[in-house]
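For the sequence shown, the numbering used here assigns the number 107 to the last residue and increments by one with no breaks.
Ideal Cβ positions, reconstructed from N, Cα and C, are used throughout, including at glycine.
Have a look at the structure below, then the notes.
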Amino acid sequence: MADQYHRLFPTEELAKNSSKPVEVGGHNILVCNANNEFYAIENQCTHQASKLEGGRIRNCFISCPLHGVRFDLRDGHPKGELTKIPVKTYPTRVVDGYVEVEVDS
Ligand code: FES
């Protein structure tokens, strides 16, 4: 099976508890560094479609900048009442100091 991981950027380009938007294969993805673990989620809130970039990251959760729904970066599940729909998540890995994300082609 073909390797579908895409190399993105060196790990040091993304500071702890910050995020960076990327576009891979037509997908708008937000790469997040939560305590130096890397996660990738769809860069769109499932409540009212706001972008999630710039959202505060704490302990494996990102908060939507618009109304504050917190999404679990590990599985995309939201906390609270505003939405019950998870955001899509993408597998990540670090190879040779670079963050890579797996996207279906
Ligand atoms: S648009 Fe994200 S919480 Fe409302």
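Beta-carbon gap between residue i and residue j smaller than 8 Å
i	j	result
Cys62	Leu54	no
Arg72	Gly82	yes
Ile64	Ser21	yes
When the options are compared against residue i, the one with the closest alpha-carbon
i	options	result
Thr91	Arg58, Arg72, Ile59, Val33	Val33
His69	Leu84, Val97, Ile59	Leu84
Gly28	His8, Lys86, Arg58	His8
Thr13	Gln6, Ala36, Glu25, Val26	Ala36
Pro93	Arg60, Ser52, Tyr41	Tyr41
Supposed close pair residue i, residue j - CB separation, criterion 8 Å
i	j	result
Glu39	Asn30	That belief does not hold up - the Cβ atoms of Glu39 and Asn30 are roughly 21 Å apart, past 8 Å.
Three-state class that DSSP yields for residue i in the structure shown
i	result
Glu55	coil
Glu14	helix
Ile64	strand
Contact test: residue i Cβ vs the ligand FMN heavy atom, cutoff 7 Å
i	result
Leu68	Judged by which ligands are present, the ligand FMN is missing from the structure shown, whose ligands are the ligand FES.
If you pair each beta-carbon of the region 48–59 with each one of the region 91–105, do three or more pairs fall below 8 Å?
-> no
Is it true that the region 13–30 meets the region 72–81, where meeting means three or more beta-carbon pairs spaced less than 8 Å apart?
-> no
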